[in-house]
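Note that the working numbering has the sequence shown beginning at 845, numbered continuously upward. Please read the structure below before turning to the comments.
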Amino acid sequence: MNSQQPENSTNLLLAVTLSLAVLVIWQILFPPPKPQRPPATQAQTGEGVVPGGQGVVPGIGAPPGAPAASAAPTPRLPIEAKALKGSIGLKGGRIDDLTLVGYHEKADKSSPLVALFRPADSALPYFSENGWVAPAGSSVAVPGRDTIWSAPADAKLATNQPVTLTWDNGGGLTFKRTIALDDKFMFTIKDEVVNASAGDVVLYPYARIYRYGTPKIEGFFIQHEGAIGWIGETQRLKEFTYQALQDETTGKSFAGVKGGWLGFTDKYWAAAIIPDQAMTYTANMSVRNRATATEQWAYQTDWLGEAVTVPAGAEKAVTSRLFAGAKEVGPIEAYEQTGGIMEFDYLVDWGWFWFITKPLYHLLDWLYKQLGNFGLAILGVTVIVKLVFYPLANKAYESMAKMKKLQPQMEQLRERFKDDKARQQQELMQLYQKEKINPLAGCLPILLQIPVFFALYKVLFVSIDMRHAPFYGWITDLSAPDPTSLFNLFGLLPFAVPEMLHVGLWPLIMGVTMWLQMQLNPPQPDPTQQMIFNWMPVLFTFLLATFPAGLVIYWAWNNVLSLAQQWYIMKRLGTEVPIFDNIKKTLASVTGIIPKKKG
């Protein structure tokens, strides 16, 4: 028998190869995270520098996580808002203590809330700071790290309830900082300078986000995590991983820009400083101190505004904003559309196929609101995508069905002209023309669906709605792998299963449905190819066992729909559906048992 693969298996082989490539690349690019280096055990070298090199912020002077023995506790102003809680350090006037109300570290609601910002004297400081820088050589005193700001007695920052901090430099300047917070994650910070001195004063406004320690990366390649910013219309989107900043220790600087924002993004959380969109500023993304055996890397994003002249007897103010919270798409889009923040929706990584990804997200979000369960929304959006692509799939399956009917004639031509490949192809093309068949008709629909597959895959990966979202039964968190395992009979046997053997029930369902779908196609004439096809679902089952359950459920449901769709089209076209015969042959080839013929 001619070992050349029949054309009607080309589409299946292409689809399987592409899918396998995706999964193998995933395993290469997303290995299990390496253990984090433990927090430093000796004094840090510093908290970074003020933007523009105009001045230096002194070192903390105490081991991380332990305040100096002689230092008094930092006075704090509480934050008790709808979506955030924490405090502002009156020493330095920093926003450096934030937790996200409604977001827990684990699916268990009794687990601690997610902590976003941490004070400078904690193990891994992460904070935002606004201020003023005096020109080099100037003797003007400006607020610094050790400045103790004054606040009204019993004041607290709450949703739509701003607070004002003040500090007098003793030289005729009074600094005021008014901080407001909306019902989500946006701070508005108004820094004022009142000049009661006899002369004009020149100052530079700035804001920065300082982050000590490299965080755990959860989505390399499929989702950016690290420094990010939309740096005006001239520089536009800038993304640098933590590794990229480490490799280029001089940092990234962008001068003379207007509009935009910059900060740090994690998979589900982000912090961004947003200058006045009409202000011209210099943006910087940098590493501020190199890691050693006992220290970790420290990262900073900052902007430095143009000089502000405050005439004697007058006052000037600069208003900026700080986003610190969850990457919820609705509020982020509102900040751009009604808040006037240039291209702020780039804070969510929509990827190369953003023109597909964003509509799919909004469809998924709408279904989630209608159905009340994110897992059901995944099933619903998969059905809708299948319906949209039904005409293309119909053409693909029709082409495959017609090719199957021509298999006997095609095999005769191959055998007849097996020593003349050119004539063989010529005769095959004439056969295609006679029967009005396009051999590529089955491939094109598959290729057109690949961007949609990646877009939906990315939506499910980046969507914060899937985080800790329950489905039904044992799936209590769609963003985590299926917690059950075949090898302890899904919890019936009292022992833990090694991670490499952890194969849950949903990955098994996915593997079975994939195997059944493959049985709709005729066996491969080449035994090696057939063996690969037989073991492909097993390989996919183990690969997907580590994926979030929501993605596995999507894949399994997609297999079921594809199986039903292909079965229906083949029946409608009067094409033989060889699934049961193929199952028998496959089982026989695997077990070595040859089924008996009837009669």
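Ideal placement from N, C-alpha and C gives every residue a C-beta, glycine not left out.
Could you give the distance in angstroms between the alpha-carbon of residue i and the alpha-carbon of residue j?
| i | j | result |
| --- | --- | --- |
| Pro919 | Gly936 | 10 Å |
| Trp1401 | Phe1108 | 35 Å |
| Glu1177 | Leu928 | 19 Å |
| Trp993 | Pro1059 | 31 Å |
| Val1131 | Gln1090 | 6 Å |
| Asp1263 | Leu1275 | 19 Å |
| Asp1326 | Ser954 | 21 Å |
| Pro1155 | Thr943 | 40 Å |
| Phe1315 | Leu1215 | 12 Å |
| Gly1076 | Lys1096 | 15 Å |
| Thr1320 | Trp1399 | 18 Å |
| Ala1158 | Tyr1112 | 44 Å |
| Met1244 | Leu1291 | 15 Å |
| Leu1081 | Tyr1190 | 8 Å |
| Ala906 | Ala1099 | Only weak support is given to the placement of Ala906: the predicted model assigns it a pLDDT of 33, under 50, and the question is left unresolved by the model. |
| Gln1144 | Tyr1050 | 13 Å |
| Met1310 | Gln1277 | 49 Å |
| Phe1377 | Phe1199 | 35 Å |
| Leu1417 | Ser1323 | 41 Å |
| Asn1238 | Ile1061 | 41 Å |
| Val986 | Ala980 | 13 Å |
| Met1375 | Arg1260 | 28 Å |
| Thr1093 | Val977 | 23 Å |
| Pro1381 | Gly1183 | 49 Å |
| Leu1231 | Ala1240 | 14 Å |
| Ile869 | Asp1110 | Annotation note: pLDDT 48 at Ile869 (below 50); position unreliable, no value reported. |
Residue i: buried (16+ other C-beta within 10 angstroms of its C-beta) or exposed?
| i | result |
| --- | --- |
| Met1273 | exposed |
| Met1362 | buried |
| Gln1067 | buried |
| Met1247 | buried |
| Phe1218 | buried |
| Gln1410 | buried |
| Asn974 | buried |
| Ser983 | exposed |
| Ala1313 | buried |
| Trp1379 | exposed |
Given a cut-off of 8 Å on the beta-carbon distance, is the pair residue i and residue j in contact?
| i | j | result |
| --- | --- | --- |
| Glu1073 | Ala1142 | Here the sequence assigns Gly to residue 1073, which means Glu is not the residue at that position. Cβ atoms of Gly1073 and Ala1142: not closer than 8 Å. |
| Phe1188 | Trp1105 | yes |
| Gly1224 | Leu1211 | yes |
| Asp941 | Pro969 | no |
| Thr1008 | Thr991 | no |
| Leu824 | Ala1116 | Outside the shown range of the chain (845 to 1443) lies residue 824, about which nothing can therefore be said. |
| Ile1118 | Leu1166 | yes |
| Leu1360 | Leu1407 | yes |
| Met1129 | Lys1102 | no |
| Asp1035 | Val1162 | yes |
| Trp1147 | Tyr1125 | yes |
| Glu1242 | Ile1413 | yes |
| Leu921 | Ala1024 | no |
| Gly1014 | Ser1041 | no |
| Gly933 | Tyr1048 | no |
| Val1046 | Lys1160 | no |
| Thr1032 | Lys1020 | no |
| Met1354 | Leu1383 | no |
| Leu1337 | Thr1385 | no |
| Leu1257 | Glu1279 | no |
| Met1186 | Gln1121 | yes |
By Cβ distance, which residues of its chain are closer than 8 Å to residue i, with the 5 residues on each side in sequence left out?
| i | result |
| --- | --- |
| Phe1305 | Gly1063, Ile1066, Gln1067, Pro1392 and Leu1395 |
| Lys1249 | Thr1419 |
| Lys926 | Val945, Thr1003, Asp1027 and Lys1028 |
| Leu1207 | Val1225 and Ile1228 |
Among residues of its own chain, excluding the 5 on either side of residue i, which ones have a beta-carbon nearer than 6 Å to its beta-carbon?
| i | result |
| --- | --- |
| Gly1070 | Phe1084, Thr1085 and Tyr1086 |
| Ala913 | Note that Ala913 scores 41 on pLDDT, short of 50, meaning its location in the model is unreliable; the coordinates nonetheless yield the value given after this. If we look at Ala913 and ignore the five residues flanking it on each side, it has no Cβ neighbours. |
| Ser972 | Ile939, Ile1053 and Leu1166 |
| Pro956 | Glu949 |
| Phe930 | The question names Phe, yet the displayed sequence has Gly at residue 930. Result list for Gly930: Ile923, Asp941, Leu942 and Thr943, in chain order. |
| Thr1018 | Asp1012 and Val1038 |
| Tyr1205 | Val1303 |
| Leu857 | The predicted position of Leu857 is uncertain, since its pLDDT is 47 and thus under 50; no value can be drawn from it. |
Given residue i, which residues of its chain have a CB within under 7 Å of its CB, disregarding the five upstream and five downstream residues?
| i | result |
| --- | --- |
| Thr1201 | Trp1194, Gly1195, Ala1299, Lys1302 and Val1303 |
| Val1192 | Lys1171, Val1173, Ile1176 and Val1306 |
| Thr1357 | Ala1400, Asn1403, Val1404 and Leu1407 |
Check the Cβ-Cβ distances between residue i and every residue of chain B, and say whether any is below 8 Å.
| i | result |
| --- | --- |
| Ile1397 | The chain inventory of the structure shown lacks chain B, comprising one protein chain alone. |
Q: At 4 residues or longer, and completely inside the region 1086-1145: list those alpha helix (DSSP H) runs for me, N to C.
A: 1086-1091
Q: Starting from the N-terminal side, write out each stretch of the alpha helix (DSSP H) that is 4 residues or longer and does not extend beyond the region 1153-1207.
A: 1173-1181
Q: Could you pull out every unbroken beta strand (DSSP E) segment of at least 3 residues lying fully inside the region 935-987, listed in chain order?
A: 938-948, 957-961 and 970-977
Q: At 4 residues or longer, and completely inside the region 1355-1401: list those alpha helix (DSSP H) runs for me, N to C.
A: 1371-1388
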